[in-house]
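Using my numbering, you'd call the opening residue of the sequence shown number 6 and step up by one each time. Beta carbons: idealized from backbone N, C-alpha and C, even for Gly.
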Amino acid sequence: MLQSSFEDPVVPASPEVVAGLDHWRTLEVLQQPTWDDPAEAEAAVAEVRSMPPLVFAGEIDQLRTRLAAAAAGHAFVLQGGDCAETFEAATADRIRARVKTILQMAVVLTYGASMPVVKMGRMAGQFAKPRSSDTETRGGTTLPAYRGDIVNGYDFTPESRRHDPARLVRGYHTAASTLNLVRAFTQGGFADLREVHSWNRGFAANPANQRYEGLAREIDLAVRFMEAAGADFDELKRVEFYTAHEGLLLEYERALTRIDSRNGTPVDTSGHFVWIGERTRQLDGAHVDFFRRIRNPIGVKVGPSMTADELERLVDLLDPDREPGRLTLITRMGASRIREALPPLLEAAKRFAATPLWITDPMHGNGITTPTGYKTRRFDDVVEEVLGFFEAHRGAGTHPGGMNVELTGDDVTECLGGSEHIDEATLATRYESLCDPRLNHMQSLELAFLVAEELAKYSER
Ligand code: PEP
Ligand code: MN
Numbered sequence: 006m007l008q009s010s011f012e013d014p015v016v017p018a019s020p021e022v023v024a025g026l027d028h029w030r031t032l033e034v035l036q037q038p039t040w041d042d043p044a045e046a047e048a049a050v051a052e053v054r055s056m057p058p059l060v061f062a063g064e065i066d067q068l069r070t071r072l073a074a075a076a077a078g079h080a081f082v083l084q085g086g087d088c089a090e091t092f093e094a095a096t097a098d099r100i101r102a103r104v105k106t107i108l109q110m111a112v113v114l115t116y117g118a119s120m121p122v123v124k125m126g127r128m129a130g131q132f133a134k135p136r137s138s139d140t141e142t143r144g145g146t147t148l149p150a151y152r153g154d155i156v157n158g159y160d161f162t163p164e165s166r167r168h169d170p171a172r173l174v175r176g177y178h179t180a181a182s183t184l185n186l187v188r189a190f191t192q193g194g195f196a197d198l199r200e201v202h203s204w205n206r207g208f209a210a211n212p213a214n215q216r217y218e219g220l221a222r223e224i225d226l227a228v229r230f231m232e233a234a235g236a237d238f239d240e241l242k243r244v245e246f247y248t249a250h251e252g253l254l255l256e257y258e259r260a261l262t263r264i265d266s267r268n269g270t271p272v273d274t275s276g277h278f279v280w281i282g283e284r285t286r287q288l289d290g291a292h293v294d295f296f297r298r299i300r301n302p303i304g305v306k307v308g309p310s311m312t313a314d315e316l317e318r319l320v321d322l323l324d325p326d327r328e329p330g331r332l333t334l335i336t337r338m339g340a341s342r343i344r345e346a347l348p349p350l351l352e353a354a355k356r357f358a359a360t361p362l363w364i365t366d367p368m369h370g371n372g373i374t375t376p377t378g379y380k381t382r383r384f385d386d387v388v389e390e391v392l393g394f395f396e397a398h399r400g401a402g403t404h405p406g407g408m409n410v411e412l413t414g415d416d417v418t419e420c421l422g423g424s425e426h427i428d429e430a431t432l433a434t435r436y437e438s439l440c441d442p443r444l445n446h447m448q449s450l451e452l453a454f455l456v457a458e459e460l461a462k463y464s465e466r
């Protein structure tokens, strides 16, 4: 097994720890690809296993302390990006637009709520999708469902829909080149707070961008004042930016799990943060078993079927020592259910002494399909779920610690509403997602302004 690049001390993992990393293979593993040639699949996995880690254990530890601060109410976490990244869209322009959108939202939140924002992309690895059906039928033809670019192609042909192990290797390389560009943008001066106006350039003029410009002017004045007063803003040249994805394909996650040579513990180096999806969080399932054994900060999606008892057992498995920053619960109840479904879970978590980071995913409980067949969401439902999330935490005295949103920096028309009033007829004009509908640039900024207001109210309590 590869060691991470840390030199002293070199602590090997115990044989039990290493063996444990494969225990998931003895359990039921849902939502995996079915490769038709096991030797071809094994060769692809071996190639990923031989590659360098994408992230380092020290970064992962740092993220954990940031998430611990958010869990305690001292920071807010922003996770944003595509539902499903594609290989084709891993271009400089698209990646830059998404990073800019996240930076802009973070500035709105930081300034509006006077709170540090932990920035995380659903990026550089968000390639695998769980599906409700194994197959898709169009006009009498049935083929395997699209499971994300790391498994098969979207085109509706037998060749494209075949589960192709070579895609695991391409997934690794696409994650690496995306991450490289993200690191360049966020470490090389582009994310400098003094560039706050330039992030807005290139986006269409619209009300959200105008509001953002106003805020950017205020920030400029504050920065210039502080600089004149002797503050050193070169410190702000770099921002911390973390990557996150659903850790769905266990062969891939396992192949990138390495032993941290400082302390002998396993770290999944495919991204900083990985989460278990709503469809694979069974207490006795393979995903929970694998995630128990890695040291990354991890997330679990929590939908409306979760009971207090199940949550307690899940937390006991994934965070037995109640370590700050270890576990994030990403709630996705739906706008109409959050107010009754979330409070009992918040109260239960207090009873069993869990202090997870609670994040809202206001997207996945609010999906609808239009009569014309587009998967979409109403911006108003997204907002309503966020408001319900804040209300529930206010009632329970717990911390609303962040949000996970599907967004893009492009001017797509995938979600209904927002101040551009995207309607059902407009959806067709620029609907690009291969999976779930994303907030466009303007809707993302609008959401950030609204959440900043809620957070400001919350911290003034
Ligand atoms: C997702 O985040 O894209 C997703 C599939 O979510 P969930 O597991 O909550 O349905
Ligand atoms: Mn999705």
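Residue i classed as buried or exposed, judged by whether at least 16 other C-beta atoms fall within 10 angstroms
{"i": "K355", "result": "exposed"}
{"i": "E419", "result": "buried"}
{"i": "K462", "result": "exposed"}
{"i": "M6", "result": "The predicted position of M6 is uncertain, since its pLDDT is 39 and thus under 50; a value taken from the coordinates is nonetheless stated next. With fewer than 16 other Cβ atoms within 10 Å, it is exposed."}
{"i": "D169", "result": "buried"}
{"i": "L226", "result": "exposed"}
{"i": "V410", "result": "buried"}
{"i": "H426", "result": "exposed"}
{"i": "R222", "result": "exposed"}
{"i": "T142", "result": "exposed"}
{"i": "V15", "result": "exposed"}
{"i": "A133", "result": "buried"}
{"i": "A457", "result": "buried"}
{"i": "P361", "result": "buried"}
{"i": "E465", "result": "exposed"}
{"i": "Q109", "result": "buried"}
{"i": "H202", "result": "exposed"}
{"i": "L450", "result": "buried"}
Of the listed residues the options, nearest to residue i (C-alpha basis)
{"i": "A62", "options": "T381, D265, S464, N371", "result": "D265"}
{"i": "G86", "options": "L439, E437, L412", "result": "L412"}
{"i": "R382", "options": "E389, I343, I373, V388", "result": "I373"}
{"i": "G378", "options": "A430, G282, G339, G330", "result": "A430"}
{"i": "P135", "options": "K462, H369, G407", "result": "H369"}
{"i": "T39", "options": "S55, D237, L173", "result": "L173"}
{"i": "R99", "options": "R318, Q84, D416", "result": "D416"}
{"i": "D441", "options": "G393, F395, P367, E458", "result": "P367"}
{"i": "K380", "options": "M408, F454, V293, S438", "result": "S438"}
{"i": "L32", "options": "H292, A196, A353", "result": "H292"}
{"i": "V113", "options": "A210, A49, Y217, A196", "result": "Y217"}
{"i": "T365", "options": "P376, E317, I343", "result": "I343"}
{"i": "V387", "options": "A181, P376, S341", "result": "S341"}
{"i": "V156", "options": "P212, D326, A89, T146", "result": "A89"}
Per DSSP, the bridge partner or partners of residue i
{"i": "D53", "result": "The displayed chain sequence assigns Val, not Asp, to residue 53. According to DSSP, V53 bridges with nothing at all."}
{"i": "D265", "result": "T270"}
{"i": "R143", "result": "T146"}
{"i": "K380", "result": "T374"}
{"i": "A249", "result": "F278"}
{"i": "V122", "result": "F81"}
{"i": "L421", "result": "R383"}
{"i": "P405", "result": "W363"}
{"i": "V22", "result": "Per DSSP, none; premise fails for V22."}
{"i": "K355", "result": "Paired residue(s): none; K355 is not in a bridge."}
{"i": "T333", "result": "G304, L362"}
{"i": "G290", "result": "According to DSSP, G290 bridges with nothing at all."}
{"i": "E411", "result": "G86"}
Whether residue i touches residue j by CB criterion (9 Å)
{"i": "G406", "j": "G78", "result": "yes"}
{"i": "L253", "j": "R54", "result": "no"}
{"i": "A249", "j": "F296", "result": "no"}
{"i": "L432", "j": "L444", "result": "no"}
{"i": "T270", "j": "R300", "result": "yes"}
{"i": "T285", "j": "L35", "result": "yes"}
{"i": "L184", "j": "R166", "result": "no"}
{"i": "W280", "j": "E251", "result": "yes"}
{"i": "M125", "j": "Q67", "result": "no"}
{"i": "L314", "j": "A359", "result": "In the sequence as presented, Leu is not what sits at residue 314; that position holds Asp. It is not a contact, given that the beta carbons lie outside the stated cut-off."}
{"i": "L347", "j": "F394", "result": "yes"}
{"i": "V123", "j": "L72", "result": "yes"}
{"i": "E396", "j": "R337", "result": "no"}
{"i": "A76", "j": "G330", "result": "yes"}
{"i": "F384", "j": "G414", "result": "no"}
{"i": "L351", "j": "T312", "result": "no"}
{"i": "T191", "j": "F92", "result": "no"}
{"i": "G276", "j": "G158", "result": "no"}
{"i": "I65", "j": "V272", "result": "yes"}
{"i": "M128", "j": "R101", "result": "no"}
{"i": "L198", "j": "L255", "result": "no"}
Residues with a Cβ closer than 5 Å to any heavy atom of the ligand MN, in chain order?
C88, D441
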